[in-house]
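A.B. asks: In this note's numbering, the protein residues as written are 12 to 382. No residue lacks a Cβ here, since even glycine has one placed at the ideal position from N, Cα and C. Attaching a single structure in structure tokens format; questions to follow.
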Ligand code: HEM
């Protein structure tokens, strides 16, 4: 296999002052550790149903050979919260969305696709028999159909293609390096920069720059772009992206006015490093310090954040009186509220996010706070 394996061996230099875009070269002996588009690591070895444990089929039988219960049955029993947890008395709403932003800095797990097209796993009630689909039974009445559309994650190979079980890929760097703002590849980084000034591109009204149509925002709306395409999942997440973009440009302006870090490349990299160290400080407060992303982090542990999400998006006036409040479900993947400065806009949403207590977490991701 080795001759057919893609050879990716970055050339690292100990003279480099700043981190690479793709996270390579943080460890000179293992330059791909934590780099973007490498395999996710594991805490425990996998255990699948297939004879050679290659992970070609997901695990549906127990060690005795009997069928395991449907994952949907288990999640209904274990995760169905019913009641919402009370509000925190310590942390504000912004912590929830900063948490999602940090998770998007560490991990992006791609799922399998059919070329550029999404894979369809159910034709109404009828499961589509494709190896990319993980089909499991759902209890009657749980959904409108009994087939649950579930596409498996894409899988990668380790350098040299050693025989090993199937592993998910991390599209992004495993380091807390603000690749969520700056991009996880040099090409993406360059796409977001404003060359000649050291700044990041900004859109009108100090918003994020406009992205290509259909870039993970609702059809017919003008999308934004940043280092991560998931930036418009909620308006609050877009607010955090906007804050880091503006902060880069604010620091850049201050340094330029002082005449420090002359030369736009040097200033751009210095501001990038400054912003990363700001985020690393937050990281010390809310996460353990090991930056390598394990698959259990993305598929289980850090999804605790889904329990924190409230049911509304709100905005406050400059005197911190309430201005607008709408159900969050009307704003998923929408840029509408961010662009409308009369009702919402990033600054008015940020005033609400930073002054109101967030929902506490429990183990029930569905218990969105109804207050
Ligand atoms: C309303 C807000 C949110 C929505 C709509 C949302 C939605 C999603 C969706 C659709 C996925 C990918 C689908 C899947 O693999 O199951 C996902 C993945 C994930 N979410 Fe959220 N999420 C939200 C907030 C949060 C927050 C606040 C956190 C943590 C603080 C979080 C942590 C994660 C993690 C760790 C993943 C896995 C990422 C990956 O492996 O690529 N999410 N979320």
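Using a threshold of 7 Å, is the CB atom of residue 329 nearer than that to any non-hydrogen atom of the ligand HEM?
C.D. replies: By one-based count along the chain shown, residue 329 stands at place 318. Checking the Cβ of residue 329 against the ligand HEM gives no.
A.B. asks: Please confirm whether residue 187 and residue 256 have their CB atoms less than 8 Å apart.
C.D. replies: Your numbering for residue 187 matches position 176 in the chain shown. Your numbering for residue 256 matches position 245 in the chain shown. No; because the gap between Cβ atoms is not below 8 Å, this pair is not in contact.
A.B. asks: Going by alpha carbons, who is nearest to residue 214 out of 285, 349 and 168?
C.D. replies: For the purposes of this step, residue 214 is identified with residue 203 of the chain shown, where counting begins at 1. Answer by Cα proximity: 349.
A.B. asks: For residue 361, count the other beta carbons within 10 Å of its own beta carbon; 16 or more makes it buried, fewer makes it exposed. Which is it?
C.D. replies: Residue mapping note: residue 361 aligns to position 350 of the chain shown, counting from 1. It counts as buried.
A.B. asks: Please look up how many angstroms separate the CB atoms of residue 239 and residue 119, rounded, as I've assumed it's under 8 Å.
C.D. replies: Counting from 1 along the chain shown, the entry for residue 239 is found at position 228. Counting from 1 along the chain shown, the entry for residue 119 is found at position 108. Right, the Cβ-Cβ distance comes to about 7 Å (below 8 Å), so this counts as a contact.
A.B. asks: Less than 7 Å between the CB of residue 34 and some heavy atom of the ligand HEM, yes or no?
C.D. replies: Reading the chain shown from its first residue, position 23 is the one you call residue 34. Result no, Cβ not under 7 Å from the ligand HEM.
A.B. asks: For residue 196, which of helix, strand or coil comes out of DSSP?
C.D. replies: As a first step, residue 196 must be located in the chain shown, where it is residue number 185. Note: residue 196 maps to coil in three-state DSSP.
A.B. asks: The ligand HEM heavy atoms versus the CB of residue 317: any closer than 7 Å?
C.D. replies: Indexing the chain shown from 1 puts residue 317 at position 306. Yes.
A.B. asks: With H, G and I counted as helix, E and B as strand and the rest as coil, what does DSSP make of residue 119?
C.D. replies: Here residue 119 refers to the residue found at position 108 of the chain shown. Residue 119: coil per DSSP, three-state reduction.
A.B. asks: Between which two residues does the beta strand (DSSP E) harbouring residue 324 extend?
C.D. replies: Locating residue 324 in the chain shown gives position 313, where the first residue counts as 1. Residue 324 -> beta strand (DSSP E) spans 323–327.
A.B. asks: How do the stretch 145–156 and the stretch 65–85 stand: do at least 3 beta-carbon pairs fall below 8 Å, yes or no?
C.D. replies: Judged by Cβ distances under 8 Å, the stretch 145–156 makes contact with the stretch 65–85, as three or more pairs qualify.
A.B. asks: Check this for me: beta carbons of residue 182 and residue 121, under 8 Å apart or not?
C.D. replies: Within the chain shown, numbered from 1, the residue matching residue 182 stands at position 171. Within the chain shown, numbered from 1, the residue matching residue 121 stands at position 110. Taking 8 Å as the Cβ cut-off, residue 182 and residue 121 qualify as a contacting pair.
A.B. asks: Measuring CB to CB, does residue 194 end up less than 8 Å from residue 307?
C.D. replies: As a first step, residue 194 is located in the chain shown; it is residue number 183 there, counting from the start. As a first step, residue 307 is located in the chain shown; it is residue number 296 there, counting from the start. No; because the gap between Cβ atoms is not below 8 Å, this pair is not in contact.
A.B. asks: Report yes if the CB atom of residue 219 is closer than 8 Å to the CB atom of residue 237, and no otherwise.
C.D. replies: Locating residue 219 in the chain shown gives position 208, counting from the first residue. Locating residue 237 in the chain shown gives position 226, counting from the first residue. Yes, these two residues count as a Cβ contact at 8 Å.
A.B. asks: Under 7 Å: does the beta carbon of residue 114 sit that close to some heavy atom of the ligand HEM?
C.D. replies: One-based indexing of the chain shown puts residue 114 at position 103. Yes, the beta carbon of residue 114 sits closer than 7 Å to at least one heavy atom of the ligand HEM.
A.B. asks: Per the contact definition of three or more C-beta pairs closer than 8 Å, is the stretch 34–47 in contact with the stretch 97–115?
C.D. replies: Taking 8 Å as the limit for Cβ pairs, the verdict is that the stretch 34–47 does not touch the stretch 97–115.
A.B. asks: Taking DSSP as the reference, what is the three-state secondary structure of residue 208?
C.D. replies: Here residue 208 corresponds to residue number 197 of the chain shown, with the count starting at 1. Residue state, collapsed to three classes: coil.
A.B. asks: Out of curiosity, what's the CA-to-CA distance linking residue 331 and residue 310?
C.D. replies: For the purposes of this step, residue 331 is taken as residue 320 along the chain shown, with counting starting at 1. For the purposes of this step, residue 310 is taken as residue 299 along the chain shown, with counting starting at 1. Those two C-alpha atoms are separated by around 37 Å.
A.B. asks: Thinking C-alpha only, which one of 325, 168, 63 and 144 is nearest residue 158?
C.D. replies: Counting from 1 along the chain shown, the entry for residue 158 is found at position 147. With distances taken between Cα atoms, residue 158 lies closest to 144.
A.B. asks: Measure the alpha-carbon distance for residue 90 versus residue 153 and round it to whole angstroms.
C.D. replies: By one-based count along the chain shown, residue 90 stands at place 79. By one-based count along the chain shown, residue 153 stands at place 142. Answer to the nearest angstrom: the Cα atoms are 14 Å apart.
A.B. asks: Considering only C-alpha positions, which residue in the set 16, 44 and 338 is nearest to residue 185?
C.D. replies: The residue labelled residue 185 in the question sits at position 174 within the chain shown. Comparing Cα positions, the closest option is 44.
A.B. asks: The ligand HEM and residue 313: does any heavy atom of the ligand fall closer than 7 Å to the residue's C-beta?
C.D. replies: Position 302 of the chain shown, counted from the first residue, corresponds to residue 313. Yes, since a heavy atom of the ligand HEM falls inside the 7 Å radius drawn around the Cβ of residue 313.
A.B. asks: Secondary structure at residue 83, three-state DSSP: helix, strand or coil?
C.D. replies: Within the chain shown, residue 83 is the residue found at index 72, counting from 1. Correct three-state label for residue 83: helix.
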